[in-house]
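Visitor: Here's a structure for you.
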Amino acid sequence: MSVTLTTRQVGDVTVIDAKGRITLGEGSSDFRDSIKSLVAKGQKNILVNLANITYIDSSGIGEMVSGFTTVANAGGKLKLLSLTKRIQDLLQITKLYTVFEVYDDEAAGLASFQS
């Protein structure tokens, strides 16, 4: 199973609820296409909920970085929500924990876009 992405709007923030696996191939390209589509529509505040991601590989991490860059280049912010232990560990190992703003609580993640 690859990734299933559902988006919802909370104020001026687009929340992407991701479920499944972000891996080389379909999962990572779906993630990339979803981010590019949102940015093209003018959505610049994006919160990615990773609570239901069962697996992510290096390609998936790469797509998250690519998405972060795409949004930043458009003048927006991409932040992460509800990381699993595995994703937390991967971000620590790759030193990406310092790049992404990460939140455990959706309300705090949403509020962070207002400051």
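Each step along the sequence shown adds one to the number in our numbering, with nothing skipped, and position 7 is 7. Cβ coordinates follow ideal geometry from the N, Cα and C atoms, glycine included.
Use the C-beta contact count for K79: other C-beta atoms within 10 angstroms, 16 or more gives buried, fewer gives exposed.
Guide: Here residue 79 refers to the residue found at position 79 of the sequence shown. Buried: at least 16 other Cβ atoms inside 10 Å.
Visitor: Quick one: what's got a C-beta closer than 7 Å to I87's C-beta in the same chain, skipping five residues either side?
Guide: Residue mapping note: residue 87 aligns to position 87 of the sequence shown, counting from 1. L50, I53, I56.
Visitor: What are the start and end residues of the alpha helix (DSSP H) that includes L91?
Guide: On the sequence shown, position 91 is the one that residue 91 refers to. That run of the alpha helix (DSSP H) goes 85-93.
Visitor: Helix, strand or coil for L24 per DSSP?
Guide: As a position in the sequence shown, residue 24 is number 24, starting the count at 1. Correct three-state label for L24: coil.
Visitor: Among Q9, T94, I61, which residue has its Cα nearest to the Cα of L24?
Guide: Working through the sequence shown from its first residue, we reach residue 24 at position 24. Closest by alpha carbon: I61.
Visitor: In whole angstroms, give me the CA-to-CA distance for K95 and V65.
Guide: Walking along the sequence shown from the start, residue 95 turns up at place 95. Walking along the sequence shown from the start, residue 65 turns up at place 65. The straight-line gap from Cα to Cα measures roughly 12 Å.
Visitor: CB-CB under 6 Å to Q43, same chain, minus the five flanking residues each way: which ones, in chain order?
Guide: As a first step, residue 43 is located in the sequence shown; it is residue number 43 there, counting from the start. Hits under 6 Å: T14.
Visitor: Run through the segment 13-79 for me and flag every whole alpha helix (DSSP H) of 4 or more residues, listed as ranges in chain order.
Guide: 26-40, 58-73
Visitor: I need the boundaries of the alpha helix (DSSP H) containing L110, first residue and last residue.
Guide: Position 110 of the sequence shown holds residue 110. Element bounds for L110: 106-111.
Visitor: Please list, in chain order, all residues of the same chain as F31 whose beta carbon is under 8 Å from its beta carbon, the five residues on each side excluded.
Guide: Taking the sequence shown and counting its residues from 1, the one referred to as residue 31 is at position 31. V3, L5, A18, I22, G60, E63, M64, G67, listed in sequence order.
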